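K.L.:
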Amino acid sequence: MDLIKNYINQSISIAANNLRLNNQQIEVVALLKETISKSDKLSDDLINMKKITELSTLAIRLNDIYNSLTQNPIDFLKMSDQFKEHSRFLIKDLGHMLDVCTPVIFKSAIEKLKGIDKDSKEEIRVDLSKRVYDDEPFERSETDEIKEEIIFEEAEETETEEIIQNFESIILSPIKPLDNLLKKLSDNDVEYEELIKFSKIMDENASLSRKIGFEILSGMHRIVSKALILIKNRDLMPGKEVIESLRACLIVIVAVVRGKDVDINNYLNKAERFGNQLLKIKSKDTK
173 MDLIKNYINQ SISIAANNLR LNNQQIEVVA LLKETISKSD KLSDDLINMK KITELSTLAI
233 RLNDIYNSLT QNPIDFLKMS DQFKEHSRFL IKDLGHMLDV CTPVIFKSAI EKLKGIDKDS
293 KEEIRVDLSK RVYDDEPFER SETDEIKEEI IFEEAEETET EEIIQNFESI ILSPIKPLDN
353 LLKKLSDNDV EYEELIKFSK IMDENASLSR KIGFEILSGM HRIVSKALIL IKNRDLMPGK
413 EVIESLRACL IVIVAVVRGK DVDINNYLNK AERFGNQLLK IKSKDTK
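Just so we're on the same page, the working numbering is the position in the sequence shown counted from 1, plus 172.
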């Protein structure tokens with residue numbers, strides 16, 4: 173099953189590389205691939221995706237690819253040509269989905285998908301016949317309830333507004349020092365304390381990005397954070413390819429935060445491949 177998920181996600185990546193995507197569309201592609209990777213029952217999810225307007229056309233195409241992989245004997249001699257064909261067919265349908273889906277709309281669509289799956293399960297029944305009622309229940313006036321709602325809403329809005337206002341500076345402030353650290357790593361001239369410090373900063377910023385809803389930023393930060401710890405533990409050697417992959421993560425972060433209308437697909441793909449490689453490395457200090 174992992175092979176099929178990887179095949180489909182690689183097809184999506186190739187199709188995306190043939191489209192000129194803005195930063196929001198790049199994030200939607202990342203969310204789509206994440207949804208596929210985390211699916212427990214991919215066949216059921218693809219069928220249910222066809223019921224969601226924003227995803228239906230693409231889901232039909234993905235379901236066809238899934239069926240061709242699971243229902244037909246695999247001809248390894250023709251696998252490369254088949255992969256190219258599947259990727260080519262995906263371009264139009266993926267482009268159509270990206271034209272109508274922002275990250276917010278896509279997340280909403282995935283929530284619908286979860287709802288469809290939940291509705292298909294057995295209904296939960298609750299027996300209230302033996303319920304005991306309090307003779308003197310605690311009562312709040314309507315005025316008190318309104319006051320409480322206003323207080324909590326204002327507190328939540330204030331906190332969110334402050335985070336959003338400072339978000340760009342928080343995320344971007346460690347990027348230049350971290351880039352300098354990568355240069356020192358290339359020369360094997362770095363203190364381990366620096367690696368730990370920047371790993372913690374990137375991990376904190378990953379959590380902040382996820383809180384605001386920037387999944388792609390969160391992922392890039394976590395890749396950098398984990399890589400720095402692996403380097404500190406000597407589980408990962410900071411060679412040229414590793415340094416370039418870490419820089420790719422930083423480039424994606426800066427481009428997304430500043431809203432640069434440039435094609436960063438190559439950097440994103442490089443960063444994601446690097447992240448997948450890190451998952452295979454075991455270390456006591458990484459999650």
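For glycine and all other residues, C-beta sits at the position ideal for the given N, C-alpha and C. Since the structure is predicted, the reported quantities are computational estimates derived from the model, not experimental observations.
Excluding the 5 residues flanking Ile237 on each side, which residues of the same chain have their C-beta closer than 7 Å to its C-beta?
P.N.:
Position 65 of the sequence shown holds residue 237. So the list reads Ile180, Ser183, His258, once near-sequence residues are dropped.
K.L.:
With burial defined as no fewer than 16 other Cβ atoms inside 10 Å of the residue's Cβ, what is the status of Gln243: buried or exposed?
P.N.:
Looking up residue 243 in the sequence shown gives position 71. By the neighbour-count rule (16 or more Cβ atoms within 10 Å), Gln243 is not buried but exposed.
K.L.:
Is Leu214 closer than 8 Å to Ala231 when the C-beta atoms are compared?
P.N.:
Residue numbering aside, residue 231 sits at position 59 when the sequence shown is read from its first letter. Residue numbering aside, residue 214 sits at position 42 when the sequence shown is read from its first letter. Not a contact, by the Cβ cut-off of 8 Å.
K.L.:
In chain order, which continuous runs of the alpha helix (DSSP H) of length 4 or greater are located wholly inside the region 181-243?
P.N.:
Listed in chain order, the complete alpha helix (DSSP H) runs (minimum 4 residues) inside the region 181-243 are 195-210, 214-221, 228-243.
K.L.:
Once you ignore the five residues that flank Val340 on each side, which residues in its own chain have a CB closer than 8 Å to its CB?
P.N.:
The sequence position of residue 340 within the sequence shown is 168, counting from 1. It is worth fixing the name first, because residue 340 is Glu in this sequence and not Val. Cβ neighbours of Glu340 beyond the five flanking positions: Val429, Arg430.
K.L.:
Looking only at its own chain, which residues have a Cβ that is under 8 Å from the Cβ of Pro346, when we skip the five neighbours before and after it?
P.N.:
Locating residue 346 in the sequence shown gives position 174, where the first residue counts as 1. If we look at Pro346 and ignore the five residues flanking it on each side, its Cβ neighbours are Phe370, Ile373, Met374, Asn377.
K.L.:
Return helix, strand or coil for Asn441, following the three-state DSSP convention.
P.N.:
Within the sequence shown, the letter at position 269 stands for residue 441. Residue state, collapsed to three classes: helix.
K.L.:
Got a sec? Which residues, its chain only, sit under 6 Å from Ser358 by beta carbon, not counting five neighbours each side?
P.N.:
Mapped onto the sequence shown, residue 358 falls at position 186. The answer, listed in chain order, is Ile415.
K.L.:
Pick out whichever of Gly391, Ser390, Tyr439, Ser397 has its Cα sitting closest to the Cα of Glu413.
P.N.:
By one-based count along the sequence shown, residue 413 stands at place 241. Here the closest residue by C-alpha is Tyr439.
K.L.:
Quick one: is Lys256 buried, meaning 16 or more other Cβ sit within 10 Å of its Cβ, or exposed?
P.N.:
Stepping through the sequence shown from its first residue, residue 256 is reached at position 84. Per the 10 Å Cβ criterion, exposed.
K.L.:
Along the alpha helix (DSSP H) that carries Arg419, what are the first and last residues, could you check?
P.N.:
For this step, residue 419 is matched to residue 247 along the sequence shown. Start and end: 412-430.
K.L.:
Leaving out five residues on either side along the sequence, give the residues of the same chain with a beta carbon under 7 Å from the beta carbon of Ile436.
P.N.:
For this step, residue 436 is matched to residue 264 along the sequence shown. Cβ within range, chain order: Ile198, Ile423, Val424, Ala427.
K.L.:
Go ahead and pull the three-state DSSP assignment for Gly464.
P.N.:
Nothing about residue 464 can be read from this structure; the chain reaches only from 173 to 459.
K.L.:
Closest to Lys205 by C-alpha separation, out of Ile224, Ile282, Val272, would be which residue?
P.N.:
In the sequence shown, the residue the question calls residue 205 occupies position 33. Closest by alpha carbon: Ile282.
K.L.:
Which residues mark the beginning and the end of the alpha helix (DSSP H) in which Lys369 is found?
P.N.:
If you number the sequence shown from 1, residue 369 lands on position 197. It spans 364-384 - the alpha helix (DSSP H) in which Lys369 sits, taken as one unbroken run.
K.L.:
Under the three-state reduction of DSSP, which class applies to Asp461: helix, strand or coil?
P.N.:
The requested residue 461 does not occur in the structure, where the chain is confined to residues 173 to 459.
K.L.:
Tell me the DSSP secondary structure of Arg275 in three-state form.
P.N.:
As a first step, residue 275 is located in the sequence shown; it is residue number 103 there, counting from the start. Per the sequence shown, residue 275 should be read as Pro rather than Arg. DSSP places Pro275 in helix when its eight states are reduced to three.
K.L.:
How about Leu266 and Ala188: are their beta carbons less than 8 Å apart?
P.N.:
For this step, residue 266 is matched to residue 94 along the sequence shown. For this step, residue 188 is matched to residue 16 along the sequence shown. A contact, by the Cβ cut-off of 8 Å.
K.L.:
State yes or no: is the C-beta of Met269 within less than 8 Å of the C-beta of Thr207?
P.N.:
Counted from its first residue, the sequence shown places residue 269 at position 97. Counted from its first residue, the sequence shown places residue 207 at position 35. It is not a contact, given that the beta carbons lie outside the stated cut-off.
K.L.:
Taking the alpha-carbon positions, what's the Ile263 to Asn190 distance?
P.N.:
Counted from its first residue, the sequence shown places residue 263 at position 91. Counted from its first residue, the sequence shown places residue 190 at position 18. C-alpha separation (whole angstroms): 7 Å.
K.L.:
With C-beta atoms as the reference, is Leu203 less than 8 Å away from Lys279?
P.N.:
As a working mapping, residue 203 is identified with position 31 in the sequence shown. As a working mapping, residue 279 is identified with position 107 in the sequence shown. Yes, Cβ-Cβ distance for Leu203 and Lys279 is below 8 Å.
K.L.:
Pull up the distance between the alpha-carbon of Arg394 and that of Ile277, whole angstroms please.
P.N.:
Along the sequence shown, one-based indexing puts residue 394 at 222. Along the sequence shown, one-based indexing puts residue 277 at 105. Each residue's alpha carbon lies about 24 Å from the other.
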